[in-house]
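Novice: Please read through the structure below; I'll follow up with questions.
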Amino acid sequence: MTLPMFPVDESPGPNFLALLNKLGLEPPTPTTGDLENIRHGTTIVAVRYADGVIMAGDRRATEGFSIAHRAIEKVFPADRHSGVSIAGAAGPAIEMVKLFQLQLEHYEKLNGTALSLEGKANQLGQMIRGNLPMAMQGLAVVPIFAGYDLRRQTGRIFTYDVTGGRYEEADFHATGSGGRDARTTIKLGWSANMPRDAAIELSVQGLYEAAEEDAATGGPDPVRGIYPTVATITVEGFERVGEAEVSERFQSLIQHKTEAGQLPS
């Protein structure tokens, strides 16, 4: 297969979406129908700490008032030094993440260098803006984008609304159906320059408290061995935290709550 050639004044450059349009191709879009049967991802969080950013998400997807999936993935690498987590309509969100990953790879291959972190955040905002007609029909996608800024040598967090508006959060954020409860928990426990272990524990606690208050948010499931997805993004890159460590953090949290009398006997 050979790459298509364009006149200089018509070249789409490193913009992968523009390339698709030039070739007469369109990103897949969901069809309308019974929106109660659409799977939705729920709660995701991001926390800035001393070495970068922690991203985490529960594993539950819902269809209306039913549990559709107990182990869905909501936290993905965007490229080596950034990640994206999804909330909202799961199908369009996952397709958007795949296209976003391809866009960043396409840009880097054509230019020989990665797009800046702000450029990546802007690109994702454009994709969310393109989904606005579907969002108005109930298929909203509201991700969190975060990464390690190699120029500023710090972690950064970006949030969005359904119109594609991009907003930078200074220290932490949570969204989805349980986002308010997770955000409140993290707000009470966050401090500047937190070490990695403390930041992971705080993220896990935020998801735990969200699951306690929000039926659509999945808590730890030790019977099935299902725990929230947690990842770190540092100067070394995007790295998933092992399930054994996440499980240990939850067990420590539950033990602490039990000893403090904060769990029903």
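The sequence shown begins at 3 in this note's numbering and counts up by one.
We put the CB at the ideal spot given by N, CA and C, even for glycine.
Starting from Met57 and walking both ways along the beta strand (DSSP E), at which residues does that stretch end?
Specialist: By 1-based counting over the sequence shown, the position of residue 57 is 55. First-last of the beta strand (DSSP E) with Met57: Gly54 to Gly59.
Novice: Where Val237 and Leu119 are concerned, what is the direct C-alpha to C-alpha distance, given to the nearest angstrom?
Specialist: Residue 237 sits at position 235 when you count from the first residue of the sequence shown. Residue 119 sits at position 117 when you count from the first residue of the sequence shown. C-alpha separation (whole angstroms): 13 Å.
Novice: Straight-line CA distance for Pro32 to Met136?
Specialist: Taking the sequence shown and counting its residues from 1, one reaches residue 32 at position 30. Taking the sequence shown and counting its residues from 1, one reaches residue 136 at position 134. The predicted model places Pro32 with a pLDDT of 49, which falls under 50 and marks its position as unreliable; any figure quoted below should be read in that light. So the alpha carbons of these two residues sit roughly 8 Å apart.
Novice: Looking only at DSSP bridge pairs, what is Ala233 linked to?
Specialist: Within the sequence shown, residue 233 is the residue found at index 231, counting from 1. The beta-bridge partner set that DSSP reports for Ala233 consists of Met57 and Arg242.
Novice: Quick one: is Pro224 buried, meaning 16 or more other Cβ sit within 10 Å of its Cβ, or exposed?
Specialist: Here residue 224 is taken as the residue at index 222 of the sequence shown, counted from 1. Pro224 should be labelled exposed.
Novice: Assuming Ala148 contacts Ser84 (C-beta within less than 8 Å), just tell me the rounded distance between them.
Specialist: Residue 148 sits at position 146 when you count from the first residue of the sequence shown. Residue 84 sits at position 82 when you count from the first residue of the sequence shown. 7 Å between Cβ atoms; contact.
Novice: Taking Gly220 as the reference, which of Val47, Asp60 and Gly227 has the closest Cα?
Specialist: Within the sequence shown, the letter at position 218 stands for residue 220. Nearest of Val47, Asp60 and Gly227 to Gly220, Cα basis: Asp60.
Novice: Please report how far the alpha carbon of Ala218 lies from the alpha carbon of Ile235, in whole angstroms.
Specialist: Working through the sequence shown from its first residue, we reach residue 218 at position 216. Working through the sequence shown from its first residue, we reach residue 235 at position 233. Near 27 Å, if we compare the C-alpha coordinates of Ile235 and Ala218.
Novice: In the DSSP assignment, find the unbroken alpha helix (DSSP H) run with Ile88 in it and report its ends.
Specialist: Counting from 1 along the sequence shown, the entry for residue 88 is found at position 86. Note, Ile88: premise wrong, no alpha helix (DSSP H); not H, not E.
Novice: First and last residue of the beta strand (DSSP E) that includes Val47?
Specialist: Looking up residue 47 in the sequence shown gives position 45. Its beta strand (DSSP E) spans residues Ile46 to Tyr51.
Novice: Report the residue ranges of all beta strand (DSSP E) runs contained in full by the segment 57-132; include only those spanning at least 3 residues, in chain order.
Specialist: 63-65, 68-71, 77-81 and 84-87
Novice: Measure the beta-carbon distance from Tyr229 to Glu211 and round it to whole angstroms, keeping in mind my assumption that it falls under 8 Å.
Specialist: Position 227 of the sequence shown, counting from 1, holds the residue named residue 229. Position 209 of the sequence shown, counting from 1, holds the residue named residue 211. Not quite, the Cβ-Cβ distance comes to about 15 Å (not below 8 Å), so this is no contact.
Novice: Among the candidates Thr45, Arg50, Leu101 and Ile56, whose CA atom is the shortest distance from the CA of Lys76?
Specialist: Translated into the one-based positions of the sequence shown, residue 76 becomes position 74. Ranking Thr45, Arg50, Leu101 and Ile56 by Cα distance to Lys76 puts Thr45 first.
Novice: Name the two residues that bound the continuous beta strand (DSSP E) containing Gly149.
Specialist: Translated into the one-based positions of the sequence shown, residue 149 becomes position 147. Looking at the DSSP string, the run of the beta strand (DSSP E) that includes Gly149 is Ile146 to Asp151.
Novice: Would Lys122 be called buried (16 or more neighbouring beta carbons within 10 Å of its own) or exposed?
Specialist: Mapped onto the sequence shown, residue 122 falls at position 120. That one is buried.
Novice: Indicate the three-state DSSP secondary structure (helix, strand or coil) for Asp163 in the structure shown.
Specialist: As a working mapping, residue 163 is identified with position 161 in the sequence shown. DSSP places Asp163 in coil when its eight states are reduced to three.
Novice: Looking at the secondary structure, which residues open and close the alpha helix (DSSP H) in which Phe187 lies?
Specialist: What you label residue 187 is simply residue 185 of the sequence shown in a count that begins at 1. Going by the sequence as given, residue 187 is Thr instead of Phe. Here the alpha helix (DSSP H) through Thr187 covers Gly181 to Gly191.
Novice: For Thr219, does the three-state DSSP call read helix, strand or coil?
Specialist: Numbered from 1 along the sequence shown, position 217 holds the residue referred to as residue 219. Three-state result, Thr219: coil.
Novice: Considering only the beta carbon of each residue, do Ala48 and Ile159 sit closer than 8 Å?
Specialist: For the purposes of this step, residue 48 is identified with residue 46 of the sequence shown, where counting begins at 1. For the purposes of this step, residue 159 is identified with residue 157 of the sequence shown, where counting begins at 1. Contact: yes.
Novice: Mapping the DSSP letters down to three states, classify Ile228 as helix, strand or coil.
Specialist: Residue numbering aside, residue 228 sits at position 226 when the sequence shown is read from its first letter. Three-state DSSP puts Ile228 in a strand.
Novice: Identify, in the order they occur along the chain, each residue of the same chain with its Cβ nearer than 8 Å to the Cβ of Leu265, setting aside the five sequence neighbours on each side.
Specialist: Numbered from its first residue, the sequence shown carries residue 265 at position 263. Ile256 and Lys259.
Novice: Output the boundary residues of the alpha helix (DSSP H) element that contains Ala137.
Specialist: Counted from its first residue, the sequence shown places residue 137 at position 135. Element bounds for Ala137: Leu134 to Ala137.
Novice: Once you ignore the five residues that flank Asp173 on each side, which residues in its own chain have a CB closer than 7 Å to its CB?
Specialist: Residue mapping note: residue 173 aligns to position 171 of the sequence shown, counting from 1. Excluding positions up to five away in sequence, the list reads Arg50 and Trp192.
Novice: Have a look at Ala116 and Glu261 and give me their C-alpha separation to the nearest angstrom.
Specialist: For this step, residue 116 is matched to residue 114 along the sequence shown. For this step, residue 261 is matched to residue 259 along the sequence shown. Going from the Cα of Ala116 to the Cα of Glu261 covers about 48 Å.
Novice: For the beta strand (DSSP E) containing Ala172, list its first residue and its last residue.
Specialist: The count along the sequence shown starts at 1 and reaches residue 172 at position 170. Here Ala172 belongs to no beta strand (DSSP E), and DSSP marks it neither H nor E.
Novice: Would you kindly check if the distance between the Cβ of Pro94 and the Cβ of Asn133 is under 8 Å?
Specialist: Position 131 of the sequence shown, counted from the first residue, corresponds to residue 133. Position 92 of the sequence shown, counted from the first residue, corresponds to residue 94. Cβ atoms of Asn133 and Pro94: closer than 8 Å.
Novice: Is the distance from the Cβ of Gly166 to the Cβ of Gln128 below 8 Å?
Specialist: Taking the first residue of the sequence shown as 1, we reach residue 166 at position 164. Taking the first residue of the sequence shown as 1, we reach residue 128 at position 126. Yes, Cβ-Cβ distance for Gly166 and Gln128 is below 8 Å.
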